[in-house]
Amino acid sequence: MSIAKRLAEEFQEVRPLLDRLRSLANDHEFLGTFKNGLEFVEWFKSFVSPVLRINYNTGAYWIRSTDIRGIVLWTKQGAWNEWAANSVLARAVTEYRDYIEPEFIPLLSHQMADEARHFYIRTKILTLAGESLAGFKPIEKWVQLFEFPLKCAAERLERPYFQAKFSGAFQTVELTATVQHRGVVENAHLNKSLWQGPHAKVAEVLVNFSREIEDDESFHWSIAERAWAKYATTPEMRSEVLKCATPALELSTVAKIARIAAAEGVDVTL
Amino acid sequence: MSLSRRPVGEIRCLNAGCSLYVEGSNGVYTAEPLCPHGRWPLDVFGVFFEKDGVPHVVCRVHWGVWNLATGEGWFPGGRPAPPMRIRRE
């Protein structure tokens, strides 16, 4: 069975959870039950864990069956993603500088440096595989995903709503990325054919890279935890956070499945 | 020491509260859903096993191990880990 189709089936099972999350964004009575922002953060991570498991599987299932062609396609989209993430951050701290909380500027700058390093490494992996980003056209779902955070945050151009919403959309993607990279690292050894032949070095570098950036993505997600712990102290703010985090969570999962579908040459309904 | 079949762990949320439910060979154990150390969801990063009839969970992020009957935890090398909040069903 196609990996993308298997993941699409798993994704259908969590649609009710995402629908529930959407309705909870409008339930101020429920959102008022958390004692503080940190409790809200921890509830969010626990509540969405079934979706995170699917994101883990996008890495795990894929690496178990892919080949050098699949790695190249994955890495091309991945490189574009790093560039896009960096562009979003650059816009956030310039065009929206009046709405970014000053204490987060160094953190976002650190993330920008990380994304630039990730882009650099991914392009090196492509070179090692005899490929490049030249002529690459990104998958539409990924374009939508990276357009979304500033669009959603800009619905509330006031402090600290913008920061909390932006983190909700942008760093939630990092949360899903963390578990996906772990899926790759923990399952790569099961694909014996990847470790043989002329492209074994590419596989080795990809897995090492996935291990490295998992830590970075985890740090990037922690920026949202910090923003929510500090600002998500009212039902209204928590509602605004979920209105950005939920679509981002859904779209980042769908985009990962779409990437695998494109590599397999299959159509999936998501 | 006896290692029996692997327990199964799942996070369930009711209202604003979420818990980790682990079905062991002699009952269900309930604990906090996130690793007490790095706060990662244990149904994503946890590996569950039973030792002498007691379920344990290992968090694969930093390899802490917790006894789900007592909440005690430790890291490789024996260093104590933050205790896990548990509740026996």
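If you read the protein sequences in the order shown, they are chains A and B.
Quick note, the first sequence lines up with residues 2 to 271 if you use this note's numbering.
Quick note, the second sequence lines up with residues 21 to 109 if you use this note's numbering.
Here a beta-carbon is modelled for each residue, glycine too, at the ideal position from N, C-alpha and C.
Separation of residue j from residue i, as counted between CA atoms
i              : j              : result
residue 202(A) : residue 261(A) : 22 angstroms
residue 76(B)  : residue 58(B)  : 17 angstroms
residue 73(B)  : residue 29(B)  : 15 angstroms
residue 55(B)  : residue 126(A) : 34 angstroms
residue 15(A)  : residue 24(A)  : 14 angstroms
residue 22(B)  : residue 114(A) : Confidence in residue 22(B) is poor, its pLDDT being 46 and thus under 50, which makes the residue's placement too unreliable to answer from.
residue 128(A) : residue 122(A) : 10 angstroms
residue 130(A) : residue 165(A) : 40 angstroms
residue 204(A) : residue 249(A) : 29 angstroms
residue 75(A)  : residue 107(B) : 43 angstroms
residue 169(A) : residue 34(A)  : 20 angstroms
residue 188(A) : residue 43(B)  : 26 angstroms
residue 143(A) : residue 100(A) : 25 angstroms
residue 64(A)  : residue 200(A) : 14 angstroms
residue 105(B) : residue 39(B)  : 10 angstroms
residue 62(A)  : residue 83(B)  : 23 angstroms
residue 101(B) : residue 137(A) : 47 angstroms
Where residue i sits in the DSSP three-state scheme
i              : result
residue 235(A) : coil
residue 32(B)  : strand
residue 269(A) : coil
residue 71(B)  : strand
residue 9(A)   : helix
residue 136(A) : coil
residue 154(B) : Nothing in the structure corresponds to residue 154(B), since chain B is present only between 21 and 109.
residue 33(A)  : coil
residue 251(A) : helix
residue 155(A) : coil
residue 20(A)  : helix
Those residues which DSSP pairs with residue i across a bridge
i              : result
residue 110(B) : A question about residue 110(B) goes unanswered here, because the residues of chain B that appear run from 21 up to 109.
residue 39(B)  : 32(B)
residue 89(B)  : For residue 89(B), which the question treats as bridged, DSSP gives no partner whatsoever.
residue 94(B)  : 85(B), 100(B)
residue 61(B)  : 54(B)
residue 44(B)  : 47(B)
residue 66(B)  : 79(B)
Residue i Cβ short of 6 angstroms to the ligand NAP heavy atom set
i             : result
residue 61(B) : Looking at this structure, you won't find the ligand NAP or any other ligand, since it has none at all.
Quiz item: What are the complete beta strand (DSSP E) segments, minimum 3 residues, inside the segment 181-211 of chain A?
Solution: DSSP runs (the beta strand (DSSP E)) wholly in the segment 181-211 of chain A: none.
Exercise. For the segment 49-133 of chain A, list the alpha helix (DSSP H) runs that are entirely contained and at least 4 residues long, ordered along the chain.
Key: Within the segment 49-133 of chain A, the complete alpha helix (DSSP H) runs of at least 4 residues are 50-66, 69-95, 106-129.
Quiz item: Are three or more beta carbon pairs between the segment 167-187 of chain A and the segment 239-255 of chain A nearer than 8 angstroms?
Solution: By the Cβ test, the segment 167-187 of chain A is in contact with the segment 239-255 of chain A, since at least three Cβ pairs between them sit closer than 8 angstroms.
Quiz item: Would you call the segment 73-91 of chain A and the segment 133-151 of chain A touching, i.e. three or more CB-CB distances under 8 angstroms?
Solution: Three or more pairs of CB atoms, one per stretch, sit closer than 8 angstroms, so the segment 73-91 of chain A contacts the segment 133-151 of chain A.
Quiz item: Per the contact definition of three or more C-beta pairs closer than 8 angstroms, is the segment 38-57 of chain B in contact with the segment 79-90 of chain B?
Solution: As far as the Cβ criterion goes, the segment 79-90 of chain B touches the segment 38-57 of chain B, which means the pair count is three or higher.
Quiz item: Are at least three pairs of beta-carbons, each pair with one atom in the segment 99-115 of chain A and one in the segment 195-212 of chain A, less than 8 angstroms apart?
Solution: No contact exists between the segment 99-115 of chain A and the segment 195-212 of chain A.
Quiz item: Between the segment 63-75 of chain A and the segment 27-42 of chain A, do at least 3 Cβ pairs fall closer than 8 angstroms?
Solution: No, the segment 63-75 of chain A does not touch the segment 27-42 of chain A.
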